[in-house]
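full-length UniProt numbering puts the first residue of the sequence shown at 1, with every later residue one more than the last. For reference, the structure is listed below as structure tokens.
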Amino acid sequence: MAMIFFGGSRDVFELPPPAIERIGTIVAQEHGVLIGDAPGADAEMQGLLAGYNYEHVGVFHAGVEPRNNLGDWAAYHIPPPAGAHGFAVHAAKDREMAHGADFGLMVWDGASPGTCLNILRLAAIGSPCVVYDMMRGTAATVHHIQDWRAMLHHAGDEVRRAVAARVSEDERFALSN
């Protein structure tokens with residue numbers, strides 16, 4: 001059973017039909033799903049998985065309790081580093097899911113630096129990630145850092161600056177190679 005990191009932008013409240021179909025295929029093949037607890041794409045994907053009564057799901061959360069766990073699945077608390085604020089609160093949980101994944105499936109609004117970083121994390125360890133880019137209406141698979149750079153090239157300067165500000169030293173090292 002492959003482990004697949006599902007994620008996406010908090011501003012996505014409707015999954016594209018190809019992503020819904022892909023999730024149905026993943027369920028039919030009984031792969032494991034690692035997913036966060038955020039509103040938006042995470043909650044939409046959780047709702048879809050719960051509708052299937054799918055059991056092979058782990059919900060990762062940084063808070064004491066998950067914000068969303070729509071299928072009452074196993075929950076994994078990944079506490080943030082001491083003093084973490086904003087995006088940094090959830091970064092450790094996201095890194096944990098990326099490291100446990102064989103593949104990724106991301107629904108990106110074309111602007112979320114967090115989703116963009118999760119795609120980078122997967123590329124850095126050689127885990128392919130199917131990305132549904134809602135802004136451009138495209139789907140592509142990111143296999144390597146070069147693919148991620150090409151994806152980021154289409155994002156605006158603000159997104160690139162936000163990603164650069166949030167990248168960890170390990171992630172920065174992966175980008176330099």
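From the three backbone atoms N, C-alpha and C, an ideal C-beta is built for every residue, glycine too.
Please report the distance separating the alpha-carbon of H85 from that of V59. By one-based count along the sequence shown, residue 85 stands at place 85. By one-based count along the sequence shown, residue 59 stands at place 59. If you take the alpha carbons of H85 and V59, they lie about 21 Å apart.
>> Alpha carbons only, please: which of N68, E171, H56 is nearest the one belonging to A41?
In response: Translated into positions along the sequence shown, residue 41 becomes position 41. Comparing Cα-Cα distances from A41 to each of N68, E171, H56, the minimum goes to N68.
Checklist entry - For the beta strand (DSSP E) that contains M106, what are its first and last residues? => result Here residue 106 refers to the residue found at position 106 when the sequence shown is read from its first residue. That run of the beta strand (DSSP E) goes 103–108.
Next on the checklist: Whether or not the stretch 5–20 and the stretch 43–56 are in contact is what I'm after, with contact meaning three or more pairs of Cβ atoms, one per stretch, closer than 8 Å; do they touch?
Outcome noted: yes
Next item on the list: Starting from the Cα of G51, find the closest Cα among A38, L34, L70 and give me that residue.
Entry: For the purposes of this step, residue 51 is taken as residue 51 along the sequence shown, with counting starting at 1. Per the Cα distances, L70.
- prompt: Under the three-state reduction of DSSP, which class applies to L70: helix, strand or coil?
  reply: For the purposes of this step, residue 70 is taken as residue 70 along the sequence shown, with counting starting at 1. DSSP places L70 in coil when its eight states are reduced to three.
Might you give, ordered along the chain, the residues of its own chain that have their beta carbon closer than 6 Å to the beta carbon of V130, omitting 5 neighbours on each side? As a working note, residue 130 is residue 130 in the sequence shown. Taken in chain order, the residues that qualify are L105, T141.
* For A155, does the three-state DSSP call read helix, strand or coil? -> Residue 155 sits at position 155 when you count from the first residue of the sequence shown. In this structure, A155 counts as coil in the three-state DSSP scheme.
| Between G100 and H77, what straight-line distance do the alpha-carbon atoms span, to the nearest angstrom? | Along the sequence shown, one-based indexing puts residue 100 at 100. Along the sequence shown, one-based indexing puts residue 77 at 77. Rounded to whole angstroms, the gap between the alpha carbons of G100 and H77 is 14 Å.
* To do: Identify the continuous beta strand (DSSP E) that holds H61 and give its terminal residues.
  => Within the sequence shown, numbered from 1, the residue matching residue 61 stands at position 61. Run containing H61: 57–61, per the beta strand (DSSP E) assignment.
If you follow the beta strand (DSSP E) that I4 is part of, which residue opens it and which one closes it? Taking the first residue of the sequence shown as position 1, residue 4 is located at position 4. Taken as a continuous stretch (DSSP letters only), the beta strand (DSSP E) holding I4 covers 3–8.
Going by C-alpha distance, which of A150, P128, G110, H143 is nearest E158? Reading the sequence shown from its first residue, position 158 is the one you call residue 158. Looking at the Cα atoms, G110 is the closest of the given residues.
(message) As a quick exercise: from G126, S168, L34, pick the residue whose alpha carbon is nearest that of M97.
(response) Here residue 97 refers to the residue found at position 97 of the sequence shown. Nearest C-alpha to M97: L34.
Measure the alpha-carbon distance for M3 versus L175 and round it to whole angstroms.
On the sequence shown, residue 3 is found 3 positions in, with the first residue counted as 1. On the sequence shown, residue 175 is found 175 positions in, with the first residue counted as 1. C-alpha separation (whole angstroms): 24 Å.
Cα-Cα separation between D133 and T115, rounded to whole angstroms: Looking up residue 133 in the sequence shown gives position 133. Looking up residue 115 in the sequence shown gives position 115. Rounded to whole angstroms, D133 to T115 spans 11 Å at the Cα level.
Quiz prompt | With 16 other Cβ atoms within 10 Å as the buried cut-off, status of V64 | solution = Taking the first residue of the sequence shown as 1, we reach residue 64 at position 64. So V64 ends up on the exposed side.
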